[in-house]
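Peer 1:
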Amino acid sequence: MSSPSSPMNAGRAMTRAEFLRLAAGAAVGLLVGGGAKAQAHAPGESSGGAMPTRPIPSTLEPLPVIGLGTYVGFDVPRDSEEYRRLPEVLRALFESGGAVIDTSPMYGRAEAVTGELLAAGGLRSRAFVATKVWTRGRAEGIRQMQESMRLLQVERLDLMQVHNLVDWRVHLATLREWEAAGRVRYIGITHYTQGAYGELEAVMREAQFDFVQVNYSVDEREAERRILPLAAERGMAVLINRPFGGGRVLRRLRDRPLPPWAMEIGATSWAQVLLKFVLSHPAVTCAIPGTGRPEHMADNVRAAIGTFPDAAFWQRHVDSIGA
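Residues in the sequence shown are numbered from -1 upward in steps of one, following my numbering.
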C-alpha cells in the first residue's frame, strides 16, 4: 500500500509474507501459552537503534515500539506550566529512539500543541505523526482532515485513522485518494472499547488497512483473543491505546512494591511492567501511553529495555498484579 519514505526507514530483514507467517504463528502460540523462553525481541523485531523496532506489515518500515499519546496531556493552554513541560516530553521520546505521536481533533488543543512544538523544535522529521477523522460525510471528513494537517503543520501525514469506525467506508474512499496523491502514508482504523470488537472484526475482514489501533492491557485482554490474531492474519500493524487500562491499573498498583520477577525482565516501575506485558504480544507494533509529564515519558520508554517475556511467564505472574 504505502511507500516507506520516512527517515526512519531502514533495510528490510524479511519479506512481508515471512513476517506475516511469523507473527500469525507467534500470536497463536501466545494465546495457547507457548513455551518459548523470554526473549529480548519479538519475531521480526530489530534493535538496531536506541529503541527496538517492529515492522509495519504492509511495507516492513520499522517503527519504534513505544510512542506517545496526546489525549489530555497535550490539551493545555500555551501560557500554562503544563505546556512548558511538553518540550521535555518530546525530548524524552526522541532521545530514546521513539517516534510515534498519536493525536486527534477530539483531543481539544492537542493537535495544535503537537504541531507547534514539533515545528519549534525542528523535530518533524523525527516524528511519526498519527491523527484521526471522526465525523460523517465526505465533505466534512475532508474539512476535518485538512484542519488537522493545518494544525499539525504538515503537508503529508504519516497515519490517518478512521476513529471508532465512524462512516469508515466514506472516509476510506477519500483516504485511498489521498494516499495515491501522497497526502497520507498509511491508513488505519481505531476503537477503544470491547463492545465494538464485533464490528471492528467485520471491518478488518472486509477492507485492508495498514494499521488498527485498539485497547489492550492486563485488565482489558479481549483483544488478545480476537483483534490481535486477526491483525496478524490480515497484515495490519497494531497501535495499543489504554495500555494502563485508562490509568486505573497504575493507580491500583502505585503503592505496592515491585515483585522480584520485575527485575528479571528489566522493569524498574509498574508502568514498565504493564508496557512489557502489552509489547510481549507479537502482533503488537507499538504502545502509545498518554502523558504530559517528562518523567513519565522517560519512565515509559525504559520499558523497551530488557526482555519481553513469553505467554507462559505472564500466565505465572499476571494474577500477582491483581488485574
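Backbone N, C-alpha and C fix where the C-beta goes; we use that ideal spot for every residue, glycine too.
Do three or more CB pairs link the segment 156 to 166 to the segment 129 to 139 at distances below 8 Å?
Peer 2: Here the segment 156 to 166 makes contact with the segment 129 to 139; the two share three or more CB pairs at distances below 8 Å.
Peer 1: If we ignore side chains and look at the alpha-carbon of each, how far apart do P394 and G264 end up?
Peer 2: Outside the displayed range of the chain (-1 to 321) lies residue 394, so it cannot be described from this structure.
Peer 1: Can you round the beta-carbon distance between L173 and I187 to whole angstroms, since I take them to be within the 8 Å contact cut?
Peer 2: With 8 Å as the limit, L173 and I187 do not qualify as a contact, their Cβ atoms being about 10 Å apart.
Peer 1: Distance check for G244 and M158, CA to CA, integer angstroms please.
Peer 2: Pairing M158 with G244, the inter-Cα distance amounts to about 23 Å.
Peer 1: Tell me whether the beta-carbon of N298 lies closer than 7 Å to the beta-carbon of A269.
Peer 2: yes
Peer 1: How would you write the range of the beta strand (DSSP E) that R322 sits in, first residue to last?
Peer 2: Since the first residue of the chain shown is -1 and the last is 321, residue 322 is not available in this structure.
Peer 1: Quick check: what's the CA-CA separation for V98 versus A90?
Peer 2: 12 Å
Peer 1: May I ask you to verify whether the segment 269 to 282 touches the segment 68 to 85, counting CB pairs closer than 8 Å and requiring at least 3?
Peer 2: no
Peer 1: Which same chain residues end up closer than 6 Å to E220 when comparing Cβ atoms and leaving out the 5 residues on each side of it in sequence?
Peer 2: Q192
Peer 1: Helix, strand or coil for A205? Go by DSSP, reduced to three states.
Peer 2: coil
Peer 1: Ignoring anything shorter than 4 residues, give me the alpha helix (DSSP H) runs that lie fully in the segment 58 to 125, in order along the chain.
Peer 2: 79 to 93, 108 to 118
Peer 1: Leaving out five residues on either side along the sequence, give the residues of the same chain with a beta carbon under 6 Å from the beta carbon of I54.
Peer 2: L61, A235
Peer 1: Are the beta-carbon atoms of V216 and I319 separated by less than 7 Å?
Peer 2: Contact flag set, yes.
Peer 1: Is it buried or exposed for P103, if we count other Cβ within 10 angstroms and need 16 for buried?
Peer 2: buried
Peer 1: Report the option in W132, A171, L170, S123 whose CA atom is closest to the CA atom of E153.
Peer 2: S123
Peer 1: Can you list, in chain order, the residues of its chain whose CB lies under 8 Å from that of R252, leaving out five sequence neighbours each side?
Peer 2: W268
Peer 1: Between which residues of its own chain and A38 is the CB-CB distance below 6 Å, once the five residues before and five after are set aside?
Peer 2: For A38, the predicted model reports a pLDDT of 49, less than 50, meaning its position is unreliable and no value from the coordinates is stated.
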